[in-house]
Amino acid sequence: MDWNQIFQNTVRAAVGVDTIYFAIAALGLNIQFGYTGLVNFGQAAFMACGSYGLGMTAQYFGIGLWWGIPLGIIFVIILALIVGIPTLRLRADYLAIVTIATAEIVRLFVRSVKFNKIFGGTEGISNFSRDYRELNPFEPGATYGFEPFTFSGYTLITVLVGWTLVAIFALLVWQLMRSPWGRVIKGIREDEDAVRSLGKNVYAYKMQSLIIGGIVGMFAGMVLALDRGSVQPDNYSRDVTFYVLTALVLGGLAKVSGSIVGSMLFWVLFVFCDNFLREVTRSGPLRIGDFTVIQSTQVGAVNYMLVGIGLMLLMTYRPQGLFGNRKEMALDGR
Amino acid sequence: MLGNKQSQKLFALKFSLFLFCGVGLFAGYAGSSVSAATDDYSIIASVQNQTLINGTTNRVPVAGVSVTVTKADGTIVGSGITDDNGSCTIAVPSRDAYSISIDESTLPDGLVLIDAEKAQVSIPKDLFTTNTKRVTFFTGEGAAAGASEIERILQRLADGVRLGIIIAMCSVGLSLVFGTTGLTNFAHGEMVTFGGLVAFYFNVILEIPILISGPVVIALGGLFGLFFNWGIFARLTKRGIGLISQLVVTVGLSIMLRNIFLFQFGGRTKQLSSYSKQVNIEIGPIGITPRDLTTAILGVIILVSVALFLQRSRLGKAIRAVSDNVQLASATGIDTRKVIKVVWFAGGALAATGGIFRGLDEQVSFSMGSDLLFLMFAGITLGGLGSAFGALIGGFFIGIFVEMSSLFVPSELKVAPALFILIVVLIVRPQGILGKSQRVG
Numbered sequence: 001m002d003w004n005q006i007f008q009n010t011v012r013a014a015v016g017v018d019t020i021y022f023a024i025a026a027l028g029l030n031i032q033f034g035y036t037g038l039v040n041f042g043q044a045a046f047m048a049c050g051s052y053g054l055g056m057t058a059q060y061f062g063i064g065l066w067w068g069i070p071l072g073i074i075f076v077i078i079l080a081l082i083v084g085i086p087t088l089r090l091r092a093d094y095l096a097i098v099t100i101a102t103a104e105i106v107r108l109f110v111r112s113v114k115f116n117k118i119f120g121g122t123e124g125i126s127n128f129s130r131d132y133r134e135l136n137p138f139e140p141g142a143t144y145g146f147e148p149f150t151f152s153g154y155t156l157i158t159v160l161v162g163w164t165l166v167a168i169f170a171l172l173v174w175q176l177m178r179s180p181w182g183r184v185i186k187g188i189r190e191d192e193d194a195v196r197s198l199g200k201n202v203y204a205y206k207m208q209s210l211i212i213g214g215i216v217g218m219f220a221g222m223v224l225a226l227d228r229g230s231v232q233p234d235n236y237s238r239d240v241t242f243y244v245l246t247a248l249v250l251g252g253l254a255k256v257s258g259s260i261v262g263s264m265l266f267w268v269l270f271v272f273c274d275n276f277l278r279e280v281t282r283s284g285p286l287r288i289g290d291f292t293v294i295q296s297t298q299v300g301a302v303n304y305m306l307v308g309i310g311l312m313l314l315m316t317y318r319p320q321g322l323f324g325n326r327k328e329m330a331l332d333g334r
Numbered sequence: 335m336l337g338n339k340q341s342q343k344l345f346a347l348k349f350s351l352f353l354f355c356g357v358g359l360f361a362g363y364a365g366s367s368v369s370a371a372t373d374d375y376s377i378i379a380s381v382q383n384q385t386l387i388n389g390t391t392n393r394v395p396v397a398g399v400s401v402t403v404t405k406a407d408g409t410i411v412g413s414g415i416t417d418d419n420g421s422c423t424i425a426v427p428s429r430d431a432y433s434i435s436i437d438e439s440t441l442p443d444g445l446v447l448i449d450a451e452k453a454q455v456s457i458p459k460d461l462f463t464t465n466t467k468r469v470t471f472f473t474g475e476g477a478a479a480g481a482s483e484i485e486r487i488l489q490r491l492a493d494g495v496r497l498g499i500i501i502a503m504c505s506v507g508l509s510l511v512f513g514t515t516g517l518t519n520f521a522h523g524e525m526v527t528f529g530g531l532v533a534f535y536f537n538v539i540l541e542i543p544i545l546i547s548g549p550v551v552i553a554l555g556g557l558f559g560l561f562f563n564w565g566i567f568a569r570l571t572k573r574g575i576g577l578i579s580q581l582v583v584t585v586g587l588s589i590m591l592r593n594i595f596l597f598q599f600g601g602r603t604k605q606l607s608s609y610s611k612q613v614n615i616e617i618g619p620i621g622i623t624p625r626d627l628t629t630a631i632l633g634v635i636i637l638v639s640v641a642l643f644l645q646r647s648r649l650g651k652a653i654r655a656v657s658d659n660v661q662l663a664s665a666t667g668i669d670t671r672k673v674i675k676v677v678w679f680a681g682g683a684l685a686a687t688g689g690i691f692r693g694l695d696e697q698v699s700f701s702m703g704s705d706l707l708f709l710m711f712a713g714i715t716l717g718g719l720g721s722a723f724g725a726l727i728g729g730f731f732i733g734i735f736v737e738m739s740s741l742f743v744p745s746e747l748k749v750a751p752a753l754f755i756l757i758v759v760l761i762v763r764p765q766g767i768l769g770k771s772q773r774v775g
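Residue numbers (my numbering), protein chains in the order written: chain A, 1 to 334; chain B, 335 to 775.
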């Protein structure tokens, strides 16, 4: 067993692209779920808005890459209105139902044969990120950094841009939540009726929170798309939202650092499990006597099984996350 | 009485124990159903001729078609000719992006690719989740099959009734659990999958016919539901964990169970062996297999008995009372905890029944239930969250609506109109057809 390799991969995961896009998506979800108490189970769809915003500039519109950002924001607003208008006046679980459904439908639409010309079907969109690649000052093939933090020049640019975005959004969320707007938002989470009786338009605030969180989530999708150099519809499945949610709960809801630390922890644990199990099963299925414990094709399922168990245990025993403050966890104020 | 701290610890222990037992149980027969993996990567291309005989899709393998696999830069990696199973396996050197194309001139006379653009399929590296990647090309008759408009509509209606029965059956539990405990159970789809997969285990691996194993599967489904309540949600409620947190727990549970199913069952869809090969019988313009006709009739009988049970029996009345108002029901002397247990059992049993029916109707897979979850939610929202009759009516309607809408939208998007219904209902009448407005706000 190559412990050195496992160790290096695990440590590298703490700062890798996966952690970055999870952290940004979690920051967005935190605005909605952690601070406002909106159960958004469709963050993956908001991420897809960003990715497809970028991808469609080349695939459909034939305009410059950076038009993808305003395009993505328009998509996010449309999506937020679709899920928000019917549900934000209702109890929390309706939003959960509608967001999870909408996210699934969005995925079906973008991967459909019917809209192949616009979204690229199941193969997705590639060849859109040339503008971004040209900005890369590093040599794509060369290796930079020191062990275990080594990245190819191709990835390094996304790592740097990504962490800059994480920092910007962390600062933004932190400032927002200190502002009067943030106090209203947190008030809505604690007691919606009280806030309403103070003359605030709760509905509008919730919608703003949904849109702002969605726009932050959109950038997560953009980071993912730019790093992969392609947009794949199946990167935005329902479960992605749940993994981001797990990372968020792990780090602690309603805390800015929680989203970032949670994503790092999530991927460190995930990559460790994954690498460890793959090493174990590399030379054939692991057997005890005649009993097959696990084989290489089952590693993925075990990893995600552990994610599910982790989410259940966290929600039961430490709903405030590993570092959160229990007082801030008033999800059931209503 | 134990101190609070102590009882929490005890609970923690039991809860973890339960989880590990659960995982262990499933791990028990690991590997028996999944074929051994090798380190070689290969692409299996298969060509299937698809014919629509009275609404049921028949697939026949096409032999003798030449297939070529090329790398992204255009170099040819390998080629082959499909065998009698319509498939050919082409070894590839590594996990990479490839494109697979078939030579359309080698197709038998009269057959064309259904999707003409798909003579070439590209697969990105990410899709190599296992060592083999299967790509299927579908062909069909050259000329469009001539079915009249009215026949198509009736056929869709018949399909819709079948889907509607399944959705209605599956959603009763979801709606009643919500009504009695306030919990929105995102793991309900896994209860449906459980029914389908256990039925597969009995039917295909132990070779017990569905008619005999079915009742056992249904009972096991009920116990599975009871297990949800006893093992997790009753305990969470006792600990005072709020409903939104419990909702997130159901999400975790759903992820865990789905991956346990995937671990055990593998990612492919498989067919139940009983009644899998049947010919259509014609009833007027509608073609239906005796199997589907029987399941439809059985389904209606089950749904009617559920409705009668809720309407007439003492226990049914108690369930509706608790679902209506827990405090009031409790004050009139109804044992609410018992009622909740009954609801979980019945919900689990009905979901498992739905799973078996769905498995007979289509095929079984590790995600068959979670794929239906959204339709179930649309159904119970339409009927009124928490109302059992609402679930029956709403689920039935959604099933018909989804199948009928495939007359107008491409069938890959046929569930999209259900979302439209969901949204319209929430705007116009958020309490649903049979719900009460007070619960919603």
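By construction, the Cβ of each residue, glycine as well, lies at the ideal position given by its N, Cα and C atoms.
Remember, it's a predicted structure, so these values are computed and weren't measured experimentally.
Residue i versus residue j: straight-line alpha-carbon distance, rounded
i	j	result
Leu314(A)	Asn419(B)	48 Å
Gly633(B)	Val698(B)	18 Å
Trp267(A)	Val299(A)	16 Å
Gly565(B)	Arg573(B)	13 Å
Leu510(B)	Gly414(B)	55 Å
Leu90(A)	Thr402(B)	55 Å
Glu134(A)	Pro140(A)	10 Å
Phe151(A)	Ile105(A)	36 Å
Phe691(B)	Cys504(B)	10 Å
Gly362(B)	Leu596(B)	Confidence in Gly362(B) is poor, its pLDDT being 39 and thus under 50, which makes the residue's placement unreliable; the coordinate value appears in the next sentence. Their backbone Cα atoms lie some 14 Å apart in a straight line.
Val455(B)	Thr409(B)	15 Å
Beta-carbon proximity of residue i to residue j, cut-off 8 Å
i	j	result
Phe730(B)	Ile499(B)	yes
Ala712(B)	Ala752(B)	yes
Ala502(B)	Leu726(B)	yes
Gln59(A)	Gly120(A)	yes
Val396(B)	Gly412(B)	no
Ser588(B)	Ala521(B)	yes
Val244(A)	Ala25(A)	yes
Ile668(B)	Val656(B)	yes
Ile761(B)	Ile85(A)	yes
Gly229(A)	Ser129(A)	yes
Val39(A)	Ile578(B)	yes
Val195(A)	Tyr52(A)	no
Met305(A)	Val583(B)	no
Ile631(B)	Ile622(B)	no
Glu524(B)	Arg592(B)	yes
Cβ neighbours of residue i in the same chain (closer than 7 Å, five flanking residues each side left out)
i	result
Arg318(A)	none
Ile185(A)	Tyr35, Thr36, Tyr205 and Ser209
Leu29(A)	Asn40, Gln43, Gly213, Gly217, Val244, Leu245 and Leu248
Span of the beta strand (DSSP E) around residue i
i	result
Arg287(A)	Leu286 to Ile288
Val426(B)	Ser421 to Val426
Gln580(B)	Segment Leu577 to Phe599 is the alpha helix (DSSP H) holding Gln580(B); no beta strand (DSSP E) there.
Gly414(B)	Ile410 to Ile415
Gln454(B)	Gln454 to Ile457
Ser209(A)	Here Ser209(A) belongs to no beta strand (DSSP E); instead the alpha helix (DSSP H) covers Val202 to Arg228.
Chain E within 8 Å of residue i, Cβ atoms only
i	result
Asn593(B)	Among the chains of the structure shown, chain E does not appear; the protein chains present are A and B.
Close beta carbons around residue i, own chain, < 6 Å, minus the five adjacent residues each side
i	result
Gly733(B)	Gly494, Leu497, Gly498 and Ile501
Val368(B)	Residue placement at Val368(B) is flagged as unreliable, the pLDDT there being 36, under the threshold of 50; the coordinate-derived value follows with that caveat. Correct list, in chain order: Gly600.
Phe272(A)	Thr10
Arg278(A)	Val299
Start and end residues, alpha helix (DSSP H) containing residue i
i	result
Gly713(B)	Met702 to Gly717
Ser435(B)	Careful: Ser435(B) lies outside any alpha helix (DSSP H), inside the beta strand (DSSP E) at Tyr432 to Ile436.
Val341(A)	A query on residue 341(A) cannot be resolved here, the shown segment of chain A reaching from 1 to 334 and no further.
Threshold first: 4 residues or longer. Then list the alpha helix (DSSP H) segments lying entirely within the region 462-548 of chain B, N to C.
Within the region 462-548 of chain B, the complete alpha helix (DSSP H) runs of at least 4 residues are 483-515 and 522-534.
Taking only runs that begin and end inside the region 122-198 of chain A, name each unbroken alpha helix (DSSP H) of 4 or more residues, in chain order.
Counting only runs that start and end inside the region 122-198 of chain A, the alpha helix (DSSP H) elements of at least 4 residues fall at 130-134, 153-178, 180-190 and 192-197.
So within the region 76-104 of chain A, which uninterrupted alpha helix (DSSP H) runs reach at least 4 residues, ignoring any that extend past its ends?
DSSP runs (the alpha helix (DSSP H)) wholly in the region 76-104 of chain A: none.
Of all the alpha helix (DSSP H) runs that stay within the bounds of the region 619-702 of chain B, which reach a length of 4 or more residues?
624-646, 648-658, 660-665 and 670-695
Scan the region 742-770 of chain B and note each continuous beta strand (DSSP E) run of 3 residues or more that stays entirely inside, going in chain order.
Whole beta strand (DSSP E) segments, 3+ residues: zero.
Ordered list of beta strand (DSSP E) runs contained in the region 257-303 of chain A, each at least 3 residues:
286-288 and 291-294
What ranges does the alpha helix (DSSP H) occupy inside the region 549-574 of chain B, keeping only unbroken runs of at least 4 residues that lie completely in it?
Within the region 549-574 of chain B, the complete alpha helix (DSSP H) runs of at least 4 residues are 568-572.
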